[in-house]
Amino acid sequence: MGIDPVFPMKRRGKRKRQFGESDCQEEILEAEKAFRVKYFFVLVDMAVTSLRDRFKELMVFKDIFGFLLSSGTLKSLSDNELEECCTKFAETFSLDGSSDVEVYDLISELKIMRFTLPNGVMSAMEIFGHVREVDCYPNISIAYRILFTVPVMVASAERSFSKLKLLKNYLRSTMTQERLNGLATLCIKKKLLDEIDIDPIISDFASRNVRRIF
Numbered sequence: 001m002g003i004d005p006v007f008p009m010k011r012r013g014k015r016k017r018q019f020g021e022s023d024c025q026e027e028i029l030e031a032e033k034a035f036r037v038k039y040f041f042v043l044v045d046m047a048v049t050s051l052r053d054r055f056k057e058l059m060v061f062k063d064i065f066g067f068l069l070s071s072g073t074l075k076s077l078s079d080n081e082l083e084e085c086c087t088k089f090a091e092t093f094s095l096d097g098s099s100d101v102e103v104y105d106l107i108s109e110l111k112i113m114r115f116t117l118p119n120g121v122m123s124a125m126e127i128f129g130h131v132r133e134v135d136c137y138p139n140i141s142i143a144y145r146i147l148f149t150v151p152v153m154v155a156s157a158e159r160s161f162s163k164l165k166l167l168k169n170y171l172r173s174t175m176t177q178e179r180l181n182g183l184a185t186l187c188i189k190k191k192l193l194d195e196i197d198i199d200p201i202i203s204d205f206a207s208r209n210v211r212r213i214f
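Using UniProt numbering, you'd call the opening residue of the sequence shown number 1 and step up by one each time.
Written out as structure tokens, the structure is:
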């Protein structure tokens, strides 16, 4: 990072060194120890705790959607294991006993689709593209849509709040919710925004009111 590992020492008055006292750099050692205890260990603990929480979320995600993540995993499951995975998936996203996915139909569709998938390992997105192309597995299509819409981590939410502090300041206290949502989306998805050609949009907006052209 270009930062020299130098610990500044405060100026202290010299004192007479007693007989038998070792000549060591106590000030530097105290500064290094304070940095290690107050900053380094704290950052390491925060990083370890954050990574542990994220991995717990990923394991929960894998426990629910693991059988849909690749064709290799899907083909390696036995019929009983596949039924257990589908049942757990349906129970997780059921509301008042009803679910968007019919469990027994999903099991039957997956058993048939395993034999119709092309050879080689396919990712979840590739399987979903195959399902949409064939257009005869409605429950599998719904299951993969749920898979792609459930967020795995909370980084997007944290990024939204960090951007919100920049957008919603005291000078913009009267901003409407619709405008705030639009500006927040533009800031969060800046990479996609840079790929959009805004000249046609500006021309269309200006053509709606001639006075805006000048």
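All C-beta atoms, glycine included, are put in the ideal place defined by N, C-alpha and C. Remember, predicted model here, so these are calculated numbers, not experimental data.
Distance cut-off 8 Å: residue i Cβ against heavy atoms of the ligand COA
i   : result
E32 : Inclusion of the ligand COA in the displayed structure is not the case, the ligand content being empty and no account of it being possible.
Beta-carbon gap between residue i and residue j smaller than 9 Å
i    : j    : result
C187 : L171 : no
F67  : L77  : yes
I140 : L106 : yes
D150 : F61  : Note on residue identity: the sequence assigns Val, not Asp, to residue 150. Going by C-beta atoms, V150 is nearer than 9 Å to F61.
L74  : R114 : yes
S98  : E91  : no
Candidates the options, of which the one nearest residue i by Cα
i    : options                : result
D79  : F65, M46, S50, Y104    : Y104
I146 : L183, E57, A124        : A124
D135 : T149, T116, D100       : T116
A143 : D197, G182, E102       : E102
N119 : S70, D45, K191         : S70
L180 : L193, L192, L164, K189 : L164
Collapsed DSSP secondary structure at residue i in the structure displayed
i    : result
S203 : helix
S123 : strand
P138 : helix
R132 : helix
N181 : helix
T174 : coil
I198 : coil
K189 : coil
R208 : coil
L164 : helix
L147 : helix
With three or more C-beta pairs closer than 8 Å as the rule, is the segment 105 to 121 touching the segment 73 to 88? yes
Which ranges would you report for the alpha helix (DSSP H) in the segment 26 to 113 if only whole runs of at least 4 residues count? Runs found: 26 to 35, 41 to 65, 71 to 76, 79 to 92.
Would you check if the segment 170 to 184 and the segment 113 to 131 touch, i.e. whether three or more CB-CB distances between them fall below 8 Å? no
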